[in-house]
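Scroll down for the structure; my scribbles are underneath it.
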Amino acid sequence: MSDRKANSRVPVEERLFSLILALLATRNGLTKSEILSTVHGYSQKYSPSGDNSALERQFQRDKDDIRELGVPLETFEPLGEEGNNQSTRYRILPAEYELPRDIRFSRQEASLLNLAALVWREGALSGESRRALLKFKSLGVEIADPVLDYIPRSIVREPSFEPLREALEKNLVTEFDYFKPGETESTHRQVLPLALIQFQGRWHLYAMDANSQERKTFLLRRIVSEIATGSKVIAPPREDSADVGLKELQAVWDRNLAQIRVQPGTDAEVRLLQQQGAKRLDNGLIELHFVDLHILADELAAYGPEVLVESPSELREQVKARLAEVLKLHPVSTGQANGR
Amino acid sequence: MADSSSNFQARDRLTFLISLVPFLIERGRVSVAETARHFEVTEDQVRQSVSLLTVSGIPGVTATYQPDDLFDIAWDDFEQNDEIVLTNLIAINDSPRFSSREAAALIAGLQYLSSLPERSDQDLISALLVKLGKATFGTPSQLAVAEAPTNRAISLFREAVSNGYQVEFDYLNAKGEKERRRVDPLRVESLENDWYLRAWCHLREALRTFRMDRISNVTITDSPLEHHSSEVTMPESLFEGSADDIEIKIELPISATGLIAEYLTSDVVPVGDTGLGQVGLRVSHLHGLKRLVCSRPGLIKVLSPQEAVEMVHEWASEAIGQYSQS
């Protein structure tokens with residue numbers, strides 16, 4: 025089509041859509057040169073006699089992009105032609121591309137999935153959620169009107185989340201500096217990411233040390249450098265890492281106990297008692313579970329004189345230190361100029 | 004998603020195209036407006052995508068994209084009635100599978116929702132997780148959100164609303180005052196680990212936002228509901244400002260502003276090259292401020308008003324004093 029040729033600036037989605045259609049429609053696959061010379065979006069830039077290396081690189085990137093979107097683009101070499109690069113063929117098998125016919129969602133399931141996608145509508149995971157929602161709406165299921173409106177929302181704010189997830193998917197060895205509270209300097213870590221886990225509202229990385237193979241859990245908030253990934257790939261252990269990592273965090277939480285004296289009738293009393301696993305002891309103290317002592321210390325400091333930490337003593341010291349810092353920044357009578 | 008067309012990237016537009024086709028096949032005939040509503044996109048986005056469809060297809064035997072090789076629609080219906088009917092189909096017959104990332108996001112979202120009563124039907128959830136696994140190309144990436152116990156209060160709100168009755172509960176505000184409130188529950192909203200109830204408060208005769216963890220002793224009354232979420236326009240933001248709010252000026256490391264982004268009311272003004280910045284913050288009362296400042300110890304320094312500085316000082320000083328006595 026001549027009017028197509030004239031316009032060589034084809035938007036990305038139009039080129040990728042044409043690639044998907046062409047590869048879905050072919051039974052025997054297309055070779056790279058067939059794709060570049062005929063498929064809309066490539067053919068406009070294809071030169072039958074000249075150098076097409078830029079176009080070939082674009083095709084490489086496009087393949088990765090559509091695979092990331094869940095399109096099972098397949099590469100194969102026809103029988104008898106193995107090892108010949110030129111004969112590699114590409115196709116998308118409809119049976120693998122399409123949602124299996126027996127997978128359909130009820131109105132009730134659809135409503136829950138809709139809510140699940142809404143959870144991440146800001147921050148990391150928002151793109152994936154938005155696209156998952158579009159795909160799932162393609163089924164045409166109407167969503168049941170909820171009895172009560174729900175607006176669930178969780179925002180992944182840690183900048184390390186995206187690069188870690190990328191590394192996780194590609195099994196890439198990853199390096200970063202990690203600041204452990206109580207230590208004066210951050211330390212350099214080299215790990216294979218195994219799972220990203222939100223526990224008690226905070227994101228953790230469950231990973232395997234690249235040298236010692238030891239499993240470790242990191243709090244994303246304490247990663248103080250950029251995430252560096254090389255090309256070194258390690259096959260992950262065959263296990264449900266998210267589940268193993270979650271159980272380890274749970275074990276730490278079960279083990280760590282704090283005892284807090286609270287003033288009756290205060291905000292601290294009401295809210296701390298509602299925390300998961302919180303218990304009122306016979307002596308009136310409230311017992312709490314925690315994963316990270318320093319984060320609990322931040323939380324308890326906010327309650328000011330409504331709480332008094334009885335144990336562990338490290339927690340007691342940390343809360344005192346935090347209050348002292350607040351005091352230092354907020355001196356009275358000497359005005360605003362001092363303090364920092 | 005509905006309004007954020009700028010946020011709608013190439014991969015979203017592509018996903019929309021491959022999702023639109025099976026939807027149109029399923030519906031047979033559907034209006035542009037209905038399609039836009041269903042996908043929560045603009046009508047223009049629908050029209051643009053339909054136009055793009057009509058010039059899209061496969062190279063075909065001639066490798067020249069002949070008319071038979073392209074999608075086609077009933078043009079009269081489209082141009083005169085704003086309705087879409089596909090008349091020639093190419094390559095796509097059914098909905099696409101989820102990518103491993105998309106499935107992981109949905110599963111993590113479902114896990115996050117564990118405190119909702121809707122989530123308590125475990126059979127439904129297990130069935131849904133199995134379906135998602137089958138509906139995915141590859142294995143969902145290793146992402147998990149620890150489950151929280153089902154929130155009993157939300158179940159009661161839900162029950163009350165479905166039966167049409169008001170609820171009552173004890174509410175402790177940040178000033179430490181406890182009051183019995185009677186409300187029409189409208190919406191349950193969450194932000195990370197914190198859950199909120201937005202409701203019509205019969206005591207204040209206004210819309211109010213309640214923190215779930217400050218609510219206790221919930222009972223369903225026999226007074227009928229007076230307000231329903233469909234009739235009440237709720238402000239977008241959870242923390243709606245009011246005329247009585249107090250303007251606070253604070254200083255903090257610029258890198259830490261993200262931690263309290265939802266409270267900020269002005270842009271951050273850098274203080275030289277110290278890495279610190281000054282910014283405005285709005286609070287409904289100083290009791291909330293002192294808690295906020297102490298929860299980020301060493302980060303936030305309140306500059307003004309002086310009354311706020313003193314209140315923070317007292318709060319921390321009284322707290323630390325307890326340790327020398329005990």
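Protein chains in written order, with the working numbering: chain A, 25 to 364; chain B, 4 to 329. In this text, a Cβ means the ideal position worked out from N, Cα and C, and glycines have one as well.
When only Cα atoms are considered, residue 284 (chain A) and residue 332 (chain A) end up about 6 Å apart.
Excluding its 5 nearest sequence neighbours in each direction, residue 46 (chain A) has C-beta neighbours in its own chain below 6 Å: 63, listed in chain order.
One thing to note: residue 168 (chain B) has its Cβ within 8 Å of the Cβ of residue 224 (chain B). Between the segment 164 to 183 of chain A and the segment 134 to 147 of chain A there are three or more inter-stretch CB-CB distances shorter than 8 Å, so the stretches are counted as touching. Per DSSP, residue 342 (chain A) is one residue of the alpha helix (DSSP H) stretching across 337 to 353. Among the residues of the segment 208 to 227 of chain B, those with a Cβ less than 9 Å away from any Cβ of chain A are 214, 215, 216, 217, 218, 219, in the order of the chain. A contact is defined here as three or more CB-CB pairs under 8 Å, and the segment 173 to 190 of chain A meets this definition with respect to the segment 102 to 121 of chain B.
In this chain, the beta strand (DSSP E) harbouring residue 232 (chain A) covers 226 to 233. Judged by DSSP in its simplified three-state form, residue 140 (chain A) adopts helix. In terms of Cα proximity to residue 201 (chain B), the closest of B:128, B:157, B:35 is B:157. Taken through DSSP and simplified to helix, strand or coil, residue 156 (chain A) comes out as helix. One thing to note: residue 257 (chain A) has its Cβ no nearer than 8 Å to the Cβ of residue 233 (chain A).
Residue contact with chain B for residue 261 (chain A): absent (no Cβ-Cβ distance below 8 Å to any residue of chain B). Here residue 286 (chain A) is not near residue 334 (chain A), since their CB atoms are 8 Å or more apart.
Across the segment 143 to 163 of chain A, CB contacts with chain B closer than 9 Å involve 143, 144, 145, 149, 150, 151, 152, 153, 154, 155, 156, 157, 158, 159, 160, 161, 162, 163, in sequence order along the chain.
Boundaries of the beta strand (DSSP E) around residue 256 (chain B): 249 to 256.
A straight-line Cα-Cα distance of about 48 Å links residue 214 (chain B) and residue 44 (chain A).
Per the Cβ contact rule, the segment 55 to 70 of chain B is not in contact with the segment 34 to 41 of chain B (fewer than 3 Cβ pairs under 8 Å).
Between residue 282 (chain B) and chain A, the shortest Cβ-Cβ separation is not below 8 Å. With respect to the C-alpha of residue 236 (chain A), the residue from A:222, A:213, A:180, A:305 having the closest C-alpha is A:213. In this structure, B:135 is the residue among B:91, B:93, B:135 with its C-alpha nearest to the C-alpha of residue 129 (chain A).
Residue 67 (chain A) is not a Cβ neighbour of residue 73 (chain A), given a cutoff of 8 Å. Distances from the alpha-carbon of residue 149 (chain B) to those of A:351, A:356, A:150, A:271 put A:271 closest.
Proximity of chain B to residue 242 (chain A) at the Cβ level (cut-off 7 Å) is not reached, the minimal Cβ distance being about 14 Å. Judged by beta-carbon spacing, residue 65 (chain B) lies beyond the 8 Å limit of residue 103 (chain B), meaning their Cβ atoms are not closer than that value. CA-to-CA, the gap between residue 297 (chain A) and residue 131 (chain B) works out to about 33 Å.
From the listed residues A:338, A:354, A:282, the smallest Cα separation to residue 308 (chain B) is found for A:354. A Cβ-Cβ contact shorter than 8 Å links residue 123 (chain A) with residue 97 (chain B). Residue range 196 to 202 is occupied by the beta strand (DSSP E) that includes residue 198 (chain A). Contact between the segment 277 to 290 of chain B and the segment 257 to 269 of chain B is present, with at least three C-beta pairs closer than 8 Å. In the DSSP assignment, residue 326 (chain B) falls within the alpha helix (DSSP H) that extends over 309 to 328. Rounded to the nearest angstrom, the Cβ distance from residue 101 (chain B) to residue 151 (chain A) is 13 Å, too far for a contact under 8 Å.
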